[in-house]
Amino acid sequence: MDSTDQLPDLLSIRQTAALLGVHPETLRRWDAQGKLSARRVGPRGARRYAKRDVLRLAQRQEDRVRDAQRVVVEVARAISSSLDLHAVARTVVDAAVRVVGSDRCAIYLVSADRQMVEPLWGTDVKDPASAQSLFFANPIPVDALPLLSHTLRHPEPVVVDDTETHPLSNPELFRFFDTRTVINVGLRGTDGEVFAMMPFVWTGKPHTVREDDVFFAHSLAALAEVALSNARLFAQIEQERTRATIINDVVRDVNGGRDLGDTLGRAISSLVTQLDADDGSIFLADEQGTAMIGAAETRVIGQSRVGVVLPLAAAPNIARALALGEPLLVPTAEAAGDERAWFDSLQLQSSLYVPLLSQGRLVGIAFANYFKRTPQLLSNDKRFVAALADQCSLAIERVRLLDAVSARAAELEAVIAQMGEGVIITDREGRIVLVNDYAAQLHGTAVLEVAPEQYSAEYNLLRLDGTPYPPLELPLSGAVLKGESIRNAEWRIRRADGSEVIASGSATPITGADGTRLGAVLVVRDVTARRKLEAEKDQFLSVVSHELKTPLTTIKGQTELAKRRITRGLSPAEVLSSLDSVAKQVRRMEALIGDLLDIRRLETGSLPIDLAPHDLRVIVGEACERSQAMTDRHAVELRVQTDRPIVVNLDRHRIDQVLDNILSNAIKYSPDGGTILLELSARDGEALLRVHDQGIGIPEQGREHLFERFYRGANVRASEYGGLGIGLALSREIVVRHAGRLELETTGPEGTTFRLSLPVVSQSAVSA
Ligand code: ADP
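In the numbering used here, the protein residues as written are 12 to 779.
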């Protein structure tokens, strides 16, 4: 080493000089002149020949490095906070021109098929305006420039120092862009393949490329490589995520869809959008799987494809795709072979055939069509298509299943709707989802979506004692919320119209095959009539016992009395009067029991009627006499409005029964006595008898039940008026059997009028 201190290391001058971009020519000249030889250039020589230049260069170098460092840090910071491909490219490119000092810089992405490079971002320092439109605006075929295909294979920086002479250059093309010197660097992805290029360009005159130009270009490219890789990865992830979302959407769509056409329409639209195709359609396999039938399309081109039949035998590509079990790309119309006509009619360049399989079974095929291009399908695109196809298959299977199920469900629903019992079904939360006709009628309403807490309020449910039914204690709530089965519970329903019914119901939880609770069902029926009947029966029994007990008491008393009178040796006449009243009570009991037997016969339809012609005037007259004999407080008066016989075909015994009934009622329900007026007339082939009393009348409430069995007016129940409530029912039934009518004509505080009409027969048939 030299002892001089001014130039610490002459050998480093060569390195520094080379590094700092002293033109190779100059270096060669210096070297030829021996200026760079440590042996031959001493400190003085060096000082004389090179020191000033080199130091100046060294200073510049230092500034540049410092500047570069700052820019790189800036860039690194900027790109580490961004995952937007364009923003990253822009930051890197802008920094690159500053650090390297080129006139232009750009980043081109290599297309998926590696045939093209496509500009991502570019910058032109001298002509910022034109930069985007010309040099950077168009994709360049890799084949058009040897430089590009070279970089695709060798990503390391390659220097085209002069585009007019360099072997990798295409002078004509570069001249067009005014490109004179280029450093082109390839950017490699994680797979080692070049995914982008970054050219640094000097325009106008050739630029002397120094080693540090290359070094900086390389460094910036490395920076871009990392940043863009990340951004690209992110973009891919984003795409995957979008696609995952789409698949989710499709899943939701197809699971929600009930109409196959709709569902398929949505599925094919998603597929077409995601594959950037121009058009698409779905065909479904026929029963035998030998032909495909058009089921959905994104738009109608010429004639609609829906309903079109494609026999597999005539469509080898479809058959191939199906055999393959994965998407098949038919890249050109020429390659379509037998399906060429199909391609031509739709004016397709290419088409992706996506087989739809479900559990290995052929369901159909989807087509994604391209009018003017042939798509490049990457492996993740294929995965996406496959996933989407799976969803389509599922959708088809599902809708077909639904169709089958809903046909069954419709039957079931019809059965439930028409059931002779009320059915209410809830979902798993207990919200009411079905109320059949009977249940709706029973409640006078059919509100759906009602939650358990609202059952009592919405449906107006009461306990039997009339207090509000706590909703969560209702059988249906118990079934759906606690899984309990509750049988034959009873409650009351107060309808909106004010009427009240008694309901009896059983609630059962509904569980799926796997044991999960799906909801609950309540079967409910109206037991009002039954409960009423039971109440009536109770009342009837107590009335009958009472009615039978009264004469029995008399009989018992009179018998005792007769015994005592005989023992005491009283006269037979006195004994006879006791026996008379015994006989009277026995007749009363007989009549009672007779009525009861008759009502029973009426129920069974075995009440015999023996018709014979009679003059009604005679029959009514006798009935009047009978009833007058029973009372001295009433005057029974008959007015017959004709002199001629009123001949009616009748069962003497039964009509007597009817008249006795009406007349005894008239007497019984006129406690203050009065006149009982009978008016008998005949007109238009009809005999009419009106029986009018001056009694207590019949209260309006319940009047419509007057002729029903066991019905007794509200004013006579639990009072001194005895009776079973079967007289009028029996009477009307007998009259109806005579083709006549028995009706209440008027009633009120002034009394009651019943009207009896019977058909008359011709005079000649009157019996003696
Ligand atoms: P009952 O044994 O109660 O008399 P009926 O069938 O003969 O049974 O009559 C039914 C009801 O009709 C009676 O309970 C009474 O309320 C009413 N009713 C019948 N006839 C008369 C009448 N003439 N005046 C007032 N109410 C009557």
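For glycine and all other residues, C-beta sits at the position ideal for the given N, C-alpha and C.
Everything numeric in this text was worked out from a predicted model, so none of it was measured.
Excluding the five sequence neighbours on either side, which residues of its own chain have a C-beta within less than 7 Å of the C-beta of arginine 109, listed in chain order? For the purposes of this step, residue 109 is identified with residue 98 of the sequence shown, where counting begins at 1. Answer for arginine 109: Val82, listed in chain order.
Worksheet item: Does the beta carbon of threonine 704 fall short of 7 Å from some heavy atom of ligand 1?
Response: Here residue 704 corresponds to residue number 693 of the sequence shown, with the count starting at 1. For the record, residue 704 in the displayed sequence is aspartate; it is not threonine. Yes, since a heavy atom of ligand 1 falls inside the 7 Å radius drawn around the Cβ of aspartate 704.
- Host alpha helix (DSSP H) of valine 283 (start-end): Numbered from its first residue, the sequence shown carries residue 283 at position 272. Element bounds for valine 283: 271-285.
Contiguous beta strand (DSSP E) assignments of at least 3 residues, all confined to the region 277-333: 290-296, 302-308, 320-322
In whole angstroms, what is the alpha-carbon distance linking phenylalanine 395 and aspartate 138?
Position 384 of the sequence shown holds residue 395. Position 127 of the sequence shown holds residue 138. The alpha-carbon atoms of phenylalanine 395 and aspartate 138 are separated by roughly 43 Å.
Note down the Cα distance separating alanine 602 from leucine 492, rounded to an integer number of angstroms. Along the sequence shown, read from residue 1 onward, the residue named residue 602 stands at position 591. Along the sequence shown, read from residue 1 onward, the residue named residue 492 stands at position 481. Alanine 602 and leucine 492: Cα-Cα distance of roughly 59 Å.
* Specify the secondary structure class of proline 217 as computed by DSSP and reduced to three states. => In the sequence shown, the residue the question calls residue 217 occupies position 206. Proline 217 falls in the coil class under three-state DSSP.
Neighbourhood of leucine 445 by C-beta distance below 6 Å, restricted to the same chain and skipping five residues each side:
As a working mapping, residue 445 is identified with position 434 in the sequence shown. Excluding positions up to five away in sequence, the list reads Ile436.
With hydrogens ignored, establish whether the beta-carbon of alanine 740 is closer than 7 Å to any heavy atom of ligand 1.
-> Position 729 of the sequence shown, counted from the start, is the residue given in the question as residue 740. Alanine 740 Cβ: within cutoff of ligand 1.
ask   = Run through DSSP, which three-state label would glycine 455 get?
value = To locate residue 455, count along the sequence shown from 1; it is residue 444. Residue state, collapsed to three classes: coil.
message: Can you tell me whether isoleucine 620 is buried or exposed? The criterion is at least 16 other CB atoms within 10 Å of its CB, across all chains shown.
response: Here the question's residue 620 lines up with position 609 in the sequence shown. Under this definition isoleucine 620 is an exposed residue.
Check your understanding: Alpha carbon to alpha carbon, what distance is there between isoleucine 376 and serine 369?
Key -> Counted from its first residue, the sequence shown places residue 369 at position 358. Counted from its first residue, the sequence shown places residue 376 at position 365. Looking at the two C-alpha atoms, the distance is approximately 11 Å.
Checklist line | Extent of the continuous beta strand (DSSP E) to which tyrosine 119 belongs | finding: Position 108 of the sequence shown, counting from 1, holds the residue named residue 119. Where tyrosine 119 is concerned, the enclosing beta strand (DSSP E) stretches over 115-121.
message: Does valine 237 come out as helix, strand or coil in the three-state DSSP assignment?
response: As a first step, residue 237 must be located in the sequence shown, where it is residue number 226. Helix.
Mind checking whether the beta-carbon of valine 535 lies closer than 7 Å to any heavy atom of ligand 1?
-> As a first step, residue 535 is located in the sequence shown; it is residue number 524 there, counting from the start. Because no heavy atom of ligand 1 lies under 7 Å away, the Cβ of valine 535 does not count as near it: no.
Self-check item: Reduced DSSP secondary structure (H/G/I, E/B, other) of glutamate 648
Solution: Here residue 648 corresponds to residue number 637 of the sequence shown, with the count starting at 1. Reduced to three states, the DSSP call for glutamate 648 is strand.
In chain order, what are the residue ranges of uninterrupted beta strand (DSSP E) at least 3 long that sit wholly in the region 682-711? 685-694, 697-703
As assigned by DSSP and simplified to three states, the class of glycine 605: Counting from 1 along the sequence shown, the entry for residue 605 is found at position 594. Helix.
Practice item. Tell me where the alpha helix (DSSP H) around leucine 445 begins and ends. Key: In the sequence shown, residue 445 corresponds to position 434, counting from 1. Run containing leucine 445: none in the alpha helix (DSSP H); it sits in the beta strand (DSSP E), 443-446.
Serine 768 and arginine 752 look like a contact to me (Cβ under 8 Å); what is the Cβ gap, rounded to whole Å? By one-based count along the sequence shown, residue 768 stands at place 757. By one-based count along the sequence shown, residue 752 stands at place 741. Confirmed, about 5 Å.
Closer than 7 Å: is that where the CB of arginine 644 sits relative to any heavy atom of ligand 1? Within the sequence shown, numbered from 1, the residue matching residue 644 stands at position 633. Because no heavy atom of ligand 1 lies under 7 Å away, the Cβ of arginine 644 does not count as near it: no.
Worksheet item: Are the CB atoms of valine 659 and valine 554 nearer to each other than 8 Å?
Response: By 1-based counting over the sequence shown, the position of residue 659 is 648. By 1-based counting over the sequence shown, the position of residue 554 is 543. Not closer than 8 Å, so no.
Please state whether DSSP places glutamate 495 in a helix, a strand or coil. The count along the sequence shown starts at 1 and reaches residue 495 at position 484. Coil, per DSSP.
| query | To the nearest whole angstrom, what separates the beta carbons of phenylalanine 718 and glycine 736, a pair I think is in contact under 8 Å? | reply | Taking the sequence shown and counting its residues from 1, the one referred to as residue 718 is at position 707. Taking the sequence shown and counting its residues from 1, the one referred to as residue 736 is at position 725. Actually they are not in contact, since the Cβ atoms of phenylalanine 718 and glycine 736 sit about 10 Å apart, beyond 8 Å.
task = Just mark methionine 641 as buried or exposed, buried being the case when its beta carbon has 16 or more other beta carbons within 10 Å.
result = Mapped onto the sequence shown, residue 641 falls at position 630. By the 10 Å Cβ count, methionine 641 comes out exposed.
What does the Cβ neighbour count give for alanine 524, buried or exposed, with the cut at 16 atoms within 10 Å? Translated into the one-based positions of the sequence shown, residue 524 becomes position 513. Alanine 524 comes out exposed.
Do proline 157 and asparagine 181 have their C-beta atoms within less than 8 Å of each other? Translated into positions along the sequence shown, residue 157 becomes position 146. Translated into positions along the sequence shown, residue 181 becomes position 170. Contact flag set, yes.
- Item | Counted within 10 angstroms of its Cβ, other Cβ atoms place alanine 507 as buried (16 or more) or exposed | Walking along the sequence shown from the start, residue 507 turns up at place 496. Exposed is the call here.
*Below 8 Å, can you find three or more Cβ-Cβ pairs linking the region 665-674 to the region 744-763?*
yes
- valine 434 versus leucine 459: straight-line alpha-carbon distance, rounded: Looking up residue 434 in the sequence shown gives position 423. Looking up residue 459 in the sequence shown gives position 448. Going by the C-alpha atoms only, they are around 13 Å apart.
Rounded straight-line distance, which links the Cα of leucine 120 to that of glutamate 167
Counting from 1 along the sequence shown, the entry for residue 167 is found at position 156. Counting from 1 along the sequence shown, the entry for residue 120 is found at position 109. C-alpha separation (whole angstroms): 16 Å.
| message | Against chain B, does glycine 455 count as a neighbour if the rule is that its beta carbon must be under 8 Å from one of theirs? | response | Structure shown: chain B not included; a single protein chain is present.
Worksheet item: Do alanine 602 and ligand 1 come close, with the Cβ less than 7 Å from some heavy atom?
Response: Taking the first residue of the sequence shown as 1, we reach residue 602 at position 591. No.
Check your understanding: Measuring CB to CB, does phenylalanine 211 end up less than 8 Å from serine 315?
Key -> Position 200 of the sequence shown, counted from the start, is the residue given in the question as residue 211. Position 304 of the sequence shown, counted from the start, is the residue given in the question as residue 315. No, the Cβ-Cβ distance between phenylalanine 211 and serine 315 is not below 8 Å.
Which of the three DSSP states, helix, strand or coil, is assigned to tyrosine 470?
By one-based count along the sequence shown, residue 470 stands at place 459. Helix at tyrosine 470.
Three-state secondary structure assigned by DSSP to glycine 632:
The count along the sequence shown starts at 1 and reaches residue 632 at position 621. Three-state result, glycine 632: helix.
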